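Trainee: Can you keep this structure in mind? I'll have questions shortly.
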Amino acid sequence: METWPVAAWVLLMTSLADVLKSVHSRDFTMMDIIMLHPSTTPHPGGFKCFTCEDAADNYECNRWAPDVYCRKEARYCYTSHGMDGSGESTSVTKRCATLQDCLSTGCVHTSHSGHQVCSSCCEGNICNLLVPKNESGAVFSSTSPLASAGRRTHFAAPGHVALTFLLILLTAGG
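Just so we're aligned: the sequence shown equals residues -25 to -1, 1 to 149 in mature numbering (1 follows the signal peptide of the UniProt record, and there is no 0).
Here you go:
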């Protein structure tokens, strides 16, 4: 038996698997975010955050998030992500937040069985698309200077800030 039919079969199955994976993706695309941002705001600098309370996972939160603007005094988007010992989501909460709400980001182990809750904050329209899964993602990413808060805050790495800035540019341009 020749090897080319086997190689062709493997390539066909790999391509089919990729197509099926993309059809059933549970991730939001950049186009989804752009479509969520209308051209008018209720107040200067108005923005939206994904909002949900105790959703089963990030997809369920983002899928059913109400399409409302944050109050004028809220300048950030807050995300809390609860995970079991294997890292699977148990709870996702997202909302608009003030600076005070965002001063304690990071991950906390809640039990001996490996459960942990990671929280993060970001500044910008619909910037809380992703959930923090570890200390690297559990940060406070801000595009404006912050006053000294006197509490431990994890600030974003330059790459995370650049990604947030890119999201802001793309949503503002649409």
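All C-beta atoms in this analysis are idealised placements derived from N, C-alpha and C, irrespective of residue type, glycine included.
What you are looking at is a predicted structure, and each value in this text was computed from that prediction instead of being measured.
For Gln91 and Gly57, I'd like the C-alpha separation in whole angstroms.
Mentor: Distance between the alpha carbons of Gln91 and Gly57: 6 Å.
Trainee: State buried or exposed for Lys23, treating a residue as buried only when at least 16 other CB atoms are found within 10 Å of its CB.
Mentor: The residue in question, Lys23, is buried, as its Cβ has 16 or more Cβ neighbours within 10 Å.
Trainee: Buried or exposed: Val106, going by 16 or more other Cβ atoms within 10 Å of its Cβ?
Mentor: Buried, by the Cβ-count rule.
Trainee: Taking C-alpha atoms, which residue in Cys45, Ala30, Glu98 and Ser117 lies nearest to Trp39?
Mentor: Residue Ala30 is the option with its Cα nearest to Trp39.
Trainee: Would you kindly check if the distance between the Cβ of Cys27 and the Cβ of Cys45 is under 8 Å?
Mentor: No. Outside cutoff.
Trainee: Once you ignore the five residues that flank residue 181 on each side, which residues in its own chain have a CB closer than 6 Å to its CB?
Mentor: Absent from the model: residue 181. The displayed extent of the chain is -25 to 149, so no value can be given.
Trainee: Note down, one range per segment and in chain order, each beta strand (DSSP E) of at least 3 residues found wholly within the region 40 to 93.
Mentor: Listed in chain order, the complete beta strand (DSSP E) runs (minimum 3 residues) inside the region 40 to 93 are 51 to 58, 64 to 72 and 81 to 84.
Trainee: For Lys23, which beta-bridge partners are listed by DSSP?
Mentor: Looking at the DSSP assignment, Lys23 forms a beta bridge with Tyr44.
Trainee: Do the CB positions of Asn103 and Thr68 come within less than 8 Å of each other?
Mentor: Not a contact, by the Cβ cut-off of 8 Å.
Trainee: Under the DSSP definition of a beta bridge, which residues are partnered with Cys96?
Mentor: Cys96 is bridged to Tyr53 and Phe115.
Trainee: Less than 8 Å separating the beta-carbons of Ser64 and Asn33?
Mentor: A contact, by the Cβ cut-off of 8 Å.
Trainee: Compare the Cα-Cα distances from His18 to each of Ser116, Arg50, Pro41 and Met(-13) and report the closest residue.
Mentor: Of the listed residues, the one whose Cα sits closest to His18 is Arg50.
Trainee: Which residues in the same chain have their Cβ closer than 6 Å to the Cβ of Cys97, if we skip the five residues on either side of it in sequence?
Mentor: Excluding sequence neighbours, Cys97 sits near Cys52, Asn103, Ser116 and Thr139.
Trainee: Can the beta-carbon of Gly81 be found less than 8 Å from the beta-carbon of Ser94?
Mentor: Yes.
Trainee: Classify Val(-20) as buried or exposed, calling it buried when 16 or more other Cβ atoms lie within 10 Å of its own Cβ.
Mentor: Val(-20) comes out exposed.
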